[in-house]
Amino acid sequence: MKTSPLNTDLYELTMMAGLHRHAKLGDTATFDLYFRRVPFQGGFAIAAGLETALDALEGLRFEEEEIAYLSAVGGEPPLFDRAFLDWLRDQRFRGEIWGVPEGTVVFQDEPLLRVSGSLAECMLVETMLLCILNFQTLIATKAARLWEASHRGSVIEFGLRRAQGLDGGLSAARAAYIGGADGTSNLRAGKAFGIPVRGTQSHAWVLSFPTELTAFRAFAETFPGNVILLVDTYDVVRSGVPNAIMVAREMRARGQALRGIRIDSGDLAYLSRIARQMLDEAGFPEVKIVASNDIEELVIEEIIRNGGRVDIWGVGTNLVTGGGAGGTALGGVFKMVEINGHPVIKLSDSLEKGTSPGRKQVWRLLANGGAQYEADALALENEAFAPGRDVLIIDPRNPLRRKRIAAITSCEPLLRCVMREGKRTGPRDTLDAARDRRVENLDRLDSSHKRLVNPHVYKVGVTQALWRLKEELLNLQTT
């Protein structure tokens, strides 16, 4: 599906028009896309959105109706002149993209994308890339936190009705699947991305029948291979579970099986524990218990701590919106690090808002024979890394904080060239590959970084060579 180039902010087009007017269309640039703080006050994030971004870049072009709209922007006189609009007709993204593969564990200050090309085309795609990667990385991270909180159990995303629009719901389902959800209720996402679709029934179904039992029987008759019964319309313990057990016995007599029950309200720890006991005593230990109702990671942790017996976690609002547990927007930024082949630096009174200049690579340094992540180093593009080397990294926000990794046992470059001259450099990465990568990455991340509350901060620093370049540019700026 084509992505309109109008998915951008007005000032991107006005800056491009200024470049056109002042004969600066030959200027080239490199930008880094990264975030300054890990979301949810957590210890890690999960990269997502790269493949969506590459699709958008490959099909980027201005159609006639979009040119017509721009010709009227600003009233009389129009904001954009005819020469600029004629130039826009032929514009495509012909730049180069280096990106971190989806499903990779990522941290603050390190580029998820490195974008190089003409200054004008980099400006054009800034807003679109930020929108895609900020949102999908946020939701993938949320899903991973839910998955970890559930002791790597089963999480289902079903938040479309609470999502930020239909497109937001689609993107959220995709990102949640990368981050740890096993399925979605969103049929459009199932069709678009091959995500398994899941669903049960609503309270309206139960209330539309004379009794709860007749509602359960009707559903079991209609969908005998996929029966999960919603048991909290009236009373979970006195009505819902006993009626579900009755239907389970009737199904067993027909050679069928009840798959599960869902509890959508009340004390989920207590009710799931009682429901599990009732099902087991009735001879149905295989029946799964699904819990929903404003679930988020801290709620999951508390339910498990209090003896809850939930098998599947249905998460809606807090997953697709990135809500709960310190939720917020990711806050990714797109900052110039090179202009016409020369590294540049942005200064700020706030250390976290300063930039690291030049084209860079992110190196993941591993310890214990490559089994565990030790730290990440932001290095200049041409710096060489190899096992056995000592590496000193410097905290860019506090240069007094430094860490020496002696004789690194293994190292991995995170940024890969995924687009050159506006075309993909290789086959599309699959969602299953991204999911496998997320599991492998989280397995290598120490548990202290995965704590939901007060996680240990993972070390990310710049190399000595990059720090020296920063100092040189800082000295030039201040003299």
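The opening residue of the sequence shown carries number 157 in this note's numbering; numbering runs sequentially from there. The beta-carbon is built from N, C-alpha and C at its ideal position, and this holds for glycine as well.
Extent of the continuous alpha helix (DSSP H) to which residue i belongs
i, result
"PHE191", "Premise fails: PHE191 lies in the beta strand (DSSP E), 184–191, not in any alpha helix (DSSP H)."
"VAL362", "359–363"
"ARG418", "Taken as a continuous stretch (DSSP letters only), ARG418 belongs to no alpha helix (DSSP H), being part of the beta strand (DSSP E) at 416–419."
"PHE372", "368–378"
"GLU313", "Taken as a continuous stretch (DSSP letters only), GLU313 belongs to no alpha helix (DSSP H), being part of the beta strand (DSSP E) at 310–313."
"GLY464", "First-last for GLY464: undefined, no H or E at that position."
"THR170", "166–177"
"ASN399", "397–409"
"ALA209", "206–214"
"SER227", "220–228"
"ARG344", "343–349"
"ILE334", "321–335"
Under 9 Å between C-beta atoms of residue i and residue j
i, j, result
"LEU475", "ALA337", "yes"
"LEU486", "PHE291", "yes"
"GLY255", "ASP592", "no"
"TYR529", "ASN462", "no"
"THR378", "HIS359", "no"
"ASN690", "GLU442", "In the structure as shown, the chain begins at 157 and stops at 635. Residue 690 is therefore absent and cannot be evaluated."
"GLY115", "VAL455", "It is not possible to answer for residue 115, since the shown part of the chain is limited to 157 through 635."
"GLY156", "ARG344", "Given that the chain is displayed from residue 157 to residue 635, the structure contains no residue 156 and the question cannot be resolved."
"LEU216", "LEU268", "no"
"ARG250", "GLY578", "yes"
"ARG558", "ASP265", "no"
"ARG270", "LEU571", "yes"
"PRO257", "ALA533", "no"
"GLU654", "LEU608", "The question about residue 654 has no answer, for the chain in this structure spans 157 to 635."
"PHE365", "ALA376", "no"
"HIS605", "VAL613", "yes"
"ALA621", "ILE564", "no"
"ILE351", "ALA299", "no"
"ARG193", "GLU457", "no"
"ILE384", "PHE440", "no"
"LEU386", "THR356", "yes"
"THR283", "PRO195", "no"
"ARG410", "PRO380", "yes"
"GLN517", "GLU539", "yes"
"ILE460", "ALA305", "yes"
"LEU286", "LEU226", "no"
"GLY488", "PHE191", "yes"
Terminal residues of the beta strand (DSSP E) in which residue i lies
i, result
"PHE236", "Premise fails: PHE236 is in no beta strand (DSSP E) and is neither H nor E."
"VAL440", "One detail in the question is off: residue 440 reads as Phe in this sequence, not Val. Run containing PHE440: none; DSSP gives neither H nor E here."
"THR619", "616–619"
"GLU252", "252–255"
"GLU494", "488–495"
"LEU386", "384–386"
"VAL471", "468–471"
Presumed contact (8 Å Cβ cut-off) between residue i and residue j, rounded CB distance
i, j, result
"THR293", "ALA209", "At roughly 11 Å, the Cβ-Cβ gap does not stay under 8 Å, so THR293 and ALA209 are not in contact."
"TRP469", "VAL311", "5 Å"
"GLY514", "LEU503", "The pair is not a contact, with the Cβ atoms about 16 Å apart (cut-off 8 Å)."
"ILE549", "ALA531", "6 Å"
"GLU207", "ASP585", "6 Å"
"SER448", "GLY472", "7 Å"
"PHE187", "LYS491", "6 Å"
"ILE445", "LYS626", "At roughly 54 Å, the Cβ-Cβ gap does not stay under 8 Å, so ILE445 and LYS626 are not in contact."
"ILE240", "ALA173", "A quick correction: the sequence has Phe, not Ile, at residue 240. Correct: roughly 5 Å between the Cβ atoms."
"ALA224", "THR159", "Incorrect: roughly 19 Å between the Cβ atoms, too far for contact."
"ALA431", "ILE417", "6 Å"
Residue from the options with nearest C-alpha to residue i
i, options, result
"ARG465", "GLY478, LEU427 and GLY480", "LEU427"
"VAL362", "GLY199, GLY396, GLY416 and SER512", "GLY396"
"LEU536", "ALA305, GLY482 and VAL618", "VAL618"
"GLY478", "GLY215, ALA276 and ALA329", "ALA329"
"ARG301", "PRO555, VAL613, ILE202 and ILE460", "ILE202"
"ARG238", "ILE295, HIS176 and LEU285", "HIS176"
"VAL229", "ASP436, ASP546, TYR614 and ASP165", "ASP165"
"GLU277", "LEU625, VAL261 and LEU244", "LEU244"
"HIS178", "LEU630, GLY335, GLU453 and LEU275", "LEU275"
"GLU252", "ARG624, ARG580 and SER604", "ARG580"
"LEU629", "GLY439, LEU241, SER512 and LYS298", "SER512"
"MET279", "ARG248, PHE263, ALA305 and GLY439", "ARG248"
"SER272", "VAL383, ALA296 and PRO499", "PRO499"
"ILE295", "ALA332, LEU286 and PHE440", "ALA332"
"LYS180", "ASP450, ASN496 and GLU219", "ASN496"
"PHE200", "GLY544, PRO233, VAL261 and GLU168", "VAL261"
"ILE419", "GLN412, ASP436 and VAL393", "VAL393"
"MET575", "PRO569, ILE288 and PRO583", "PRO583"
"THR370", "GLY525, GLU232 and VAL403", "VAL403"
Proximity test, residue i beta-carbon vs the ligand NAD heavy atom, cut-off 8 Å
i, result
"THR159", "For the structure depicted, the ligand NAD is absent and the ligand set is empty, with no information on it obtainable."
Run through the region 523–607 for me and flag every whole alpha helix (DSSP H) of 4 or more residues, listed as ranges in chain order.
Taking only runs of at least 4 residues, the alpha helix (DSSP H) segments lying wholly in the region 523–607 are 587–600.
Can you list, in chain order, the stretches of the beta strand (DSSP E) that have 3 or more residues and sit fully within the region 251–312?
252–255 and 269–274
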